[in-house]
Amino acid sequence: MIVLKIPMQDLDKIKASDDLKSKTLQTITNKKKKRNPFPLFVPSAIVICLIVIVSYNPFTSPQPVPEISMIQPYSYISIDINPSLELQLDQGDNVISIITYNEEAKTLLKEINVNGMNAKDAISRIVEDRNTENYIVNGYLQISVYSEDEQHSKDLEALINESLSGTLDASQYGCSNSSKSNYEAASSHHMSFGKYQVMDMVIDLDSTYTIEELQKYSMMELKNLYESISGQNLPEEHNSNSGKHNGRNNHHD
Amino acid sequence: MLDEEAVRQALEQYGDMVRRICFMHLKKEEDVEDVFQNVFFKYAKSTGSFQSSQHVKAWIIRVSINECNSLLRGWFHRKVDLKEDLSMYGMEEKTEYPEVLQAVLSLPRNLKSVIYLYYYEGYKIVEIANILNRKENTIHTWMRRGKKQLKKMLGDDSFEDTDAGFR
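From first to last, the protein sequence lines stand for chains U and W. Position 209 (the first sequence) corresponds to 210 in this note's numbering; numbering is contiguous. Position 65 (the second sequence) corresponds to 499 in this note's numbering; numbering is contiguous.
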């Protein structure tokens with residue numbers, strides 16, 4: 002039995018005023034009075050559109066179905082929290098393959114299967130998993146999006162931001178876009194491009210750190226490191242400027 | 435479309451509840467008014483084929499939360515940092531536990547909806563899952579996460595519960 006000490010009874014004081022109620026009733030009555038001058042126009046237009054669409058439907062004629070293995074990823078989402086992984090998506094934003102970058106990610110994906118899911122659902126599934134929860138409460142979730150189609154990349158980023166804003170506090174996650182060179186640089190280090198982006202920013206501020214050294218940091222540790230060096234919060238948008246640290250081999254003295 | 439009397443009754447019966455849901459999610463009075471009117475306009479336009487008053491209530495809750503969410507998805511509401519200040523509701527002196535209310539209000543949208551429906555409206559997890567059209571496990575996760583965040587903000591003594599005790 003739950004004994005709740007959090008007093009929600011303060012909400013009893015929130016009332017809809019009589020003014021709001023009567024204004025609402027008035028508005029509804031007015032809206033009801035406005036009649037559609039062309040009552041048959043909209044349904045007729047819909048029927049005509051449907052006929053046109055059906056007659057040109059490409060699915061009515063046989064189409065070659067591509068093999069799964071033939072589908073090239075159209076966009077990529079890296080997730081770091083500390084499970085570190087990359088979702089590869091087709092043009093319809095469905096997950097077609099997943100790359101894991103650490104043991105935590107492998108463990109997570111043993112429990113859940115997001116293959117074939119829509120990107121938004123896949124991220125929700127990962128974020129809402131019980132195993133991920135502790136990382137989220139005590140850590141920081143970094144999501145980065147990359148697609149050669151920049152508009153698509155931005156749309157995907159907006160979609161993810163919208164989805165996460167409903168579940169997580171703004172201080173618990175960051176979502177950004179990544180550049181092609183950053184993506185390629187991260188791939189060459191066999192690491193997620195979201196984490197690489199933040200590491201790149203740390204090295205920009207303090208070149209004594211190396212990629213190899215920072216690779217061992219969790220996302221939260223990287224975020225804290227960046228904030229302690231720069232004296233400011235990790236920016237929400239941190240597009241890497243062209244992965245200039247590809248192959249960087251500096252050493253921390 | 436429902437007649438005026440049915441809408442008037444719904445306003446009397448559920449008006450305060452819709453206003454509370456708006457209070458949980460919105461910060462501007464004009465937004466509250468928009469959402470409030472949209473909810474009851476949608477109710478007026480509905481076929482009225484509800485099975486019970488509980489069904490009406492659940493439907494109105496779902497529509498209210500959805501309306502708040504769609505309004506908050508707009509560019510302006512995503513970019514502008516709106517005030518989390520109870521004084522704008524003229525409530526700060528009347529509330530017994532303003533810090534608690536502030537903490538609940540500061541939760542992400544889905545978490546505070548679940549906390550509100552469970553603790554204030556008294557719905558069970560399975561009922562909340564139906565209202566919000568989500569899986570039960572998702573609601574359990576949100577509830578757990580919401581409570582963890584509240585404990586973080588308010589201290590461990592704020593709850594006296596066990597996770598196993600969900601209804």
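Where a beta carbon is used, it is the ideal one built from N, C-alpha and C, also for glycine. What you are looking at is a predicted structure, and each value in this text was computed from that prediction instead of being measured.
Which same chain residues end up closer than 6 Å to residue i when comparing Cβ atoms and leaving out the 5 residues on each side of it in sequence?
i, result
"GLU533 of chain W", "none"
"ASN162 of chain U", "CYS176"
"LEU223 of chain U", "VAL199"
"GLN64 of chain U", "Any answer about GLN64 of chain U is weak, because its pLDDT of 47 lies below 50 and its placement is not dependable; what the coordinates show is given next. Once the five neighbours on either side are set aside, GLN64 of chain U has no close Cβ partner at all."
"SER98 of chain U", "GLN89"
"MET221 of chain U", "GLY140 and TYR141"
Does residue i get closer than 7 Å to chain U when you measure Cβ to Cβ?
i, result
"GLY589 of chain W", "no"
"LEU539 of chain W", "no"
"GLY580 of chain W", "no"
"GLY449 of chain W", "yes"
"TYR602 of chain W", "This structure leaves residue 602 of chain W out entirely; chain W is present only between 435 and 601."
"LEU603 of chain W", "Residue numbering for chain W in the displayed model covers 435 to 601; residue 603 of chain W lies beyond these limits and cannot be assessed."
"PHE474 of chain W", "yes"
"GLN443 of chain W", "no"
"GLN471 of chain W", "yes"
"LYS517 of chain W", "Note that LYS517 of chain W has pLDDT 47, beneath the 50 cutoff, so the model's placement of it is unreliable and no number is given."
"ASN544 of chain W", "yes"
Taking the straight line between their C-alpha atoms, what separation do you get for residue i and residue j?
i, j, result
"ILE559 of chain W", "TYR552 of chain W", "7 Å"
"LEU539 of chain W", "LYS546 of chain W", "7 Å"
"GLY589 of chain W", "ASP13 of chain U", "24 Å"
"MET435 of chain W", "ASN564 of chain W", "25 Å"
"LYS569 of chain W", "TRP493 of chain W", "17 Å"
"LYS581 of chain W", "ILE72 of chain U", "43 Å"
"GLY557 of chain W", "VAL490 of chain W", "One detail in the question is off: residue 557 of chain W reads as Tyr in this sequence, not Gly. TYR557 of chain W and VAL490 of chain W: Cα-Cα distance of roughly 14 Å."
"PRO74 of chain U", "GLN92 of chain U", "7 Å"
"ILE80 of chain U", "LYS32 of chain U", "47 Å"
"ARG453 of chain W", "THR25 of chain U", "12 Å"
"GLU501 of chain W", "LEU541 of chain W", "18 Å"
"ALA187 of chain U", "LEU90 of chain U", "18 Å"
"LEU235 of chain U", "LEU445 of chain W", "46 Å"
"THR30 of chain U", "ASN139 of chain U", "51 Å"
"ILE47 of chain U", "TYR550 of chain W", "41 Å"
"ILE69 of chain U", "LYS181 of chain U", "For ILE69 of chain U, the pLDDT reaches just 44, beneath the cut-off of 50, and the residue's location in the model is therefore unreliable, although a value from the coordinates is still provided. If I take the Cα positions, the gap works out to 24 Å."
"ILE455 of chain W", "MET9 of chain U", "13 Å"
"PHE457 of chain W", "ILE15 of chain U", "8 Å"
"SER229 of chain U", "ASP201 of chain U", "15 Å"
"PHE474 of chain W", "ILE562 of chain W", "21 Å"
"GLN471 of chain W", "GLU530 of chain W", "30 Å"
"SER18 of chain U", "ILE499 of chain W", "20 Å"
"VAL497 of chain W", "LEU226 of chain U", "44 Å"
"LYS476 of chain W", "THR168 of chain U", "26 Å"
"ALA120 of chain U", "SER486 of chain W", "38 Å"
"GLU185 of chain U", "LYS196 of chain U", "13 Å"
"SER480 of chain W", "ARG543 of chain W", "26 Å"
"GLU87 of chain U", "VAL128 of chain U", "14 Å"
"ILE78 of chain U", "ASN95 of chain U", "11 Å"
"SER219 of chain U", "MET587 of chain W", "24 Å"
Within the same chain, show all residues whose beta-carbon is closer than 8 Å to that of residue i, passing over the 5 residues directly before and after it, in chain order.
i, result
"THR108 of chain U", "PRO84 and ASN132"
"TYR448 of chain W", "VAL490, LYS491 and ILE494"
"GLU112 of chain U", "ASP130 and ASN132"
"ASN567 of chain W", "ARG496"
"VAL441 of chain W", "PHE474, TYR477 and ALA478"
Near residue i, what residues of its chain come up, given a Cβ to Cβ distance below 7 Å and the 5 sequence neighbours on each side ignored?
i, result
"ARG579 of chain W", "LEU545"
"VAL66 of chain U", "Caution applies to VAL66 of chain U, whose pLDDT of 41 falls short of 50 and renders its modelled position unreliable; the value that the coordinates give is listed next. Cβ neighbours of VAL66 of chain U beyond the five flanking positions: none."
"ASP465 of chain W", "LEU505"
"GLN216 of chain U", "MET192"
Please tell me whether residue i has its Cβ less than 7 Å away from any Cβ of chain W.
i, result
"GLY117 of chain U", "no"
"ILE161 of chain U", "no"
"LEU142 of chain U", "no"
"ASP170 of chain U", "yes"
"VAL138 of chain U", "yes"
"GLU129 of chain U", "yes"
"ILE29 of chain U", "yes"
"ALA17 of chain U", "yes"
"MET200 of chain U", "no"
"VAL66 of chain U", "Unreliable placement is indicated for VAL66 of chain U, whose pLDDT of 41 sits below 50; no coordinate value is reported for it."
"MET221 of chain U", "no"
"LEU235 of chain U", "no"
"THR133 of chain U", "no"
"THR25 of chain U", "yes"
"LYS107 of chain U", "no"
contact_flag[the segment 169-184 of chain U, the segment 115-123 of chain U] where n(CB pairs < 8 Å) is 3 or more: no
Touching by the beta-carbon criterion (3+ pairs, under 8 Å), the segment 149-162 of chain U and the segment 199-208 of chain U: no
Contact between the segment 187-203 of chain U and the segment 154-164 of chain U (3+ Cβ pairs under 8 Å): no
Ordered list of beta strand (DSSP E) runs contained in the segment 159-208 of chain U, each at least 3 residues: 174-178
Length-filtered (4 minimum) alpha helix (DSSP H) runs lying within the segment 437-466 of chain W: 438-459
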